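The sequence shown begins at 1 in the numbering used here and counts up one residue at a time.
For each residue, glycine too, the CB sits at the ideal point set by N, CA and C.
What you are looking at is a predicted structure, and each value in this text was computed from that prediction instead of being measured.
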Amino acid sequence: MDRARRSELLGLPFDGVTMQSAVARCMEWCTGPRAPHTVITANAAILCTMRRDPELRKACLSGDLIVPDGMSVVWASRLARVPFPERVAGVDLMARLLRQAASRGLSAYFLGARREVVSKLAARCAQTYPGLSIAGWRDGYFRADDHAGIVEQIRERAPHMLFVGMPSPFKETWCERHRDRLEVPVIMGVGGSFDVLAGYVRRAPPRVQSMGMEWAWRLTMEPRKMWKRYLSTNSEFLWLLGREIVARRLRQPAANRAAG
Numbered sequence: 001m002d003r004a005r006r007s008e009l010l011g012l013p014f015d016g017v018t019m020q021s022a023v024a025r026c027m028e029w030c031t032g033p034r035a036p037h038t039v040i041t042a043n044a045a046i047l048c049t050m051r052r053d054p055e056l057r058k059a060c061l062s063g064d065l066i067v068p069d070g071m072s073v074v075w076a077s078r079l080a081r082v083p084f085p086e087r088v089a090g091v092d093l094m095a096r097l098l099r100q101a102a103s104r105g106l107s108a109y110f111l112g113a114r115r116e117v118v119s120k121l122a123a124r125c126a127q128t129y130p131g132l133s134i135a136g137w138r139d140g141y142f143r144a145d146d147h148a149g150i151v152e153q154i155r156e157r158a159p160h161m162l163f164v165g166m167p168s169p170f171k172e173t174w175c176e177r178h179r180d181r182l183e184v185p186v187i188m189g190v191g192g193s194f195d196v197l198a199g200y201v202r203r204a205p206p207r208v209q210s211m212g213m214e215w216a217w218r219l220t221m222e223p224r225k226m227w228k229r230y231l232s233t234n235s236e237f238l239w240l241l242g243r244e245i246v247a248r249r250l251r252q253p254a255a256n257r258a259a260g
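Set out below in structure tokens:
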């Protein structure tokens, strides 16, 4: 990825890509010389957490493709005058990558979620994308001393893509820690996308998604689980964004004077 085309927001350099160009870049990695690449789908929660979690920050900054997963991040980029082309939601990116992989006869490995979820996901993908090769799957309930064995199993299966359906910050730090040993061309943490694509969780209707209100849909579907998370995260995100916008405005006159 051309890092010169990146735009920084809240300390994270995002790639100025559309969904289409993000998919194209990942397909180039899958079909080119075999080398590991990590994809970071950053939302407001990740941007907040990485400021106090050095390991997560390192993993995010090491990402080969960094995209905004959430309209709040896209709107924030516009307010900060570094507008991103569009939202590249992790669940949508994963689905499109699977479709493209199927058309090219590529393979995927799924790691994470409950056993019944990931097994159903693999079965659904085999049915929905008949050209896709399922390199393997494993649930996300394992201990720290299992990590090496899991990495070796994935390495032996040699998939073109690895999707890690685990929560943050585990998925980002795990992918970064093991990327070189895995040698998978596209390594992507996808959070709860397994539950969605396996049919266990309903997504918001397309119209609600296009309005950037998917978070409100999730809040109505899982109020007890989500309200505290959204309240604390959104408050912190707005405070950080406000501080950054003010800092950018203050730096601009100084930059203009220096240029003049």
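- DSSP, reduced to helix, strand and coil, places P13 within a strand of the structure shown.
- Straight across, the Cα-Cα distance linking L12 with L47 is about 7 angstroms.
- For the 8 angstroms CB-CB criterion, V151 and L182 form a contact.
- Runs of the alpha helix (DSSP H) lying entirely within the segment 20-71, each at least 4 residues long, are 44-49 and 54-61 in chain order.
- Distance check between P130 and each of K120, F237 and R104 places R104 closest, using alpha-carbon atoms only.
- Judged by their CB atoms, P85 and T18 are nearer to each other than the 8 angstroms cut-off.
- When DSSP reads this structure, M188 sits in a beta bridge with V39 and F163.
- If you look at A126, you'll find it in the alpha helix (DSSP H) that goes R115 to T128.
- Going by DSSP, A95 is part of the alpha helix (DSSP H) stretching over G90 to R104.
- Where R203 is concerned, there is no enclosing beta strand (DSSP E), because DSSP gives it neither an H nor an E.
- Taking each of L240, V246, R249 and A247 in turn and checking the Cα distance to V73, the smallest one comes out for L240.
- DSSP places F84 outside any alpha helix (DSSP H), giving it a letter other than H or E.
- Taking the C-beta atoms as reference points, T41 is found nearer than 8 angstroms to V88.
- Residue pairing for Y109: DSSP places it in a beta bridge opposite G136 and L162.
- Note: E244 is not bridge-paired with any residue in the DSSP secondary-structure output.
- With respect to P167, T49 sits apart: the two C-beta atoms are not nearer than 8 angstroms.
- In this structure, V67 lies away from F142, with their beta-carbon atoms at least 8 angstroms apart.
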